[in-house]
Amino acid sequence: MNPLEASILAVVQGLTEFLPVSSSGHLALASNMMNVPEGGLAYDIVLHLGTLVAVFAFYWKDIIALVRGIILRERKSLILGLTLVAGTIPVAIAGFLFGDFIGSLRSNMLFISGALAFTGTILFFSGRIPSAGEPGITFKRGVLVGLAQTLAILPGVSRSGTTICTGLFAGLSREEAARFSFLLAIPAILGAAVKELPSANWSIPFSNIIIGFLVSAVVGFGALALLVKFVKQGKLTGFAWYCWTVALAGLAFTVWGSY
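Going by our numbering, the first residue of the sequence shown is number 62, and it counts up by one from there.
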């Protein structure tokens with residue numbers, strides 16, 4: 062993988078990690094269509110850590126307020142912290158039990174195309190949810206969003222799309238659904254990176270590590286800001302048509318390649 066290919070994959074990761082279109086599905090599709098290797102676990106970790114930095118940069122005020130509130134034992138912060146932990150447990154268990162199986166699906170273009178179609182369907186119906194919602198995260202709602210996050214370990218299922226839409230269905234306001242979704246992404250992304258570290262082969266060029274980290278962080282920050290804006294405006298339906306289109310393209314590429 063040369064620097065240009067590393068940059069392309071980093072841009073794809075940065076855009077699709079936060080836009081509700083599935084980063085894992087797009088990375089797999091892009092790699093197969095361009096006949097470019099994804100870079101293995103090590104490069105995957107680099108890209109995810111880059112997008113994690115984007116979350117910290119975008120929500121740094123909320124994160125500092127949460128940590129400060131937990132230290133001072135403020136009720137609201139303690140409840141949110143506990144909810145984030147509870148919401149992370151399901152995806153941690155699912156990843157531990159089914160990690161190898163999920164990894165095998167990353168090369169299955171038929172499955173990924175179907176998962177993207179599923180993501181598009183969720184996004185389509187989310188546009189029909191009334192804009193009114195109750196502010197604040199309750200434990201029950203947080204756990205529901207956490208359970209929905211487990212679906213996103215499947216390649217082609219968008220983590221942000223699934224969690225935000227679940228939050229909206231559960232009655233959260235649009236802004237709160239987006240905020241909780243990305244706060245919940247922090248332990249999920251960090252946990253996945255730590256889990257994969259022992260198995261990663263760090264023989265990839267150092268230049269690719271720098272490129273992947275910086276590009277995914279910068280592009281990810283822009284994509285995150287864009288998605289939050291779309292969520293507040295209730296404009297997720299457009300991403301449904303995009304997911305359906307990419308799903309059809311992936312299906313067509315798979316069928317064409319089999320001949």
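We treat Cβ as the ideally placed atom computed from N, Cα and C, and that holds for glycine.
Could you give the C-beta distance for THR224 and ALA209, rounded to a whole number, given that I count them as a contact under 8 Å?
6 Å
Counting C-beta neighbours from all protein chains within 10 Å, is the total for ASN262 16 or more, i.e. buried, or is it exposed?
Result: exposed.
Simplified DSSP assignment, three categories, for LEU297
coil
Determine the direct distance from the alpha carbon of VAL289 to that of PHE300, and round the result to whole angstroms.
13 Å
Nearest candidate by alpha-carbon position, reference GLY181, set VAL128, LEU309, ARG129:
LEU309
Using the rule of at least 16 other Cβ atoms within 10 Å of the residue's Cβ for burial, across every protein chain shown, is LEU127 buried or exposed?
Flag for LEU127 reads buried.
With distance defined between alpha-carbon atoms, name the residue in ILE270, ALA238, PHE185, GLY283 nearest to VAL292.
ALA238
Can PHE172 and VAL218 be called in contact, C-beta distance under 8 Å?
no
Determine, using beta carbons only, whether LEU108 and ILE250 come nearer to each other than 8 Å.
no
Between TYR139 and the rest of its own chain, which residues show a CB-CB distance below 8 Å, the 5 nearest in sequence each way excluded?
In the sequence as displayed, the identity of residue 139 is Leu instead of Tyr. For LEU139, where only same-chain residues beyond five positions count, the Cβ hits under 8 Å are GLY130, ILE131.
Nearest CA to the CA of LEU258: which residue from GLY175, ASP105, PRO216?
Looking at the Cα atoms, ASP105 is the closest of the given residues.
Just list the alpha helix (DSSP H) runs in the segment 67 to 123, keeping only unbroken ones of 4 residues or longer that don't cross its boundaries, in chain order.
84 to 95, 101 to 119
When LEU215, HIS87, PHE230 are compared against HIS69, the one with the closest alpha-carbon:
Checking the sequence shown, residue 69 turns out to be Ile, not His. Answer by Cα proximity: HIS87.
What span of residues does the alpha helix (DSSP H) with ILE154 cover, start to end?
136 to 165
Coarse secondary structure for LEU233, derived from DSSP in three states
strand
Just to confirm my understanding: we take ILE163, look at its own chain, exclude 5 residues before and 5 after, and list those with CB closer than 8 Å. What are they?
GLY156, ILE214, LEU215, PRO216
So is SER187 buried or exposed if we call it buried at 16+ other beta carbons inside 10 Å?
buried
If you follow the alpha helix (DSSP H) that GLY188 is in, where does it begin and where does it stop?
Counting along the chain, GLY188 falls outside any alpha helix (DSSP H), and DSSP gives it neither H nor E.
Going by the beta-carbon positions, is the gap between GLY295 and ARG235 smaller than 8 Å?
yes
For ARG167 and SER85, which I take to be in contact (beta-carbon distance under 8 Å), what is that distance rounded to the nearest angstrom?
Right, their Cβ atoms sit about 7 Å apart.
Measuring CA to CA, which of ASN93, ARG202, ILE124 is closest to LEU325?
Because the chain is modelled from 62 through 320, residue 325 falls outside the range shown and cannot be assessed.
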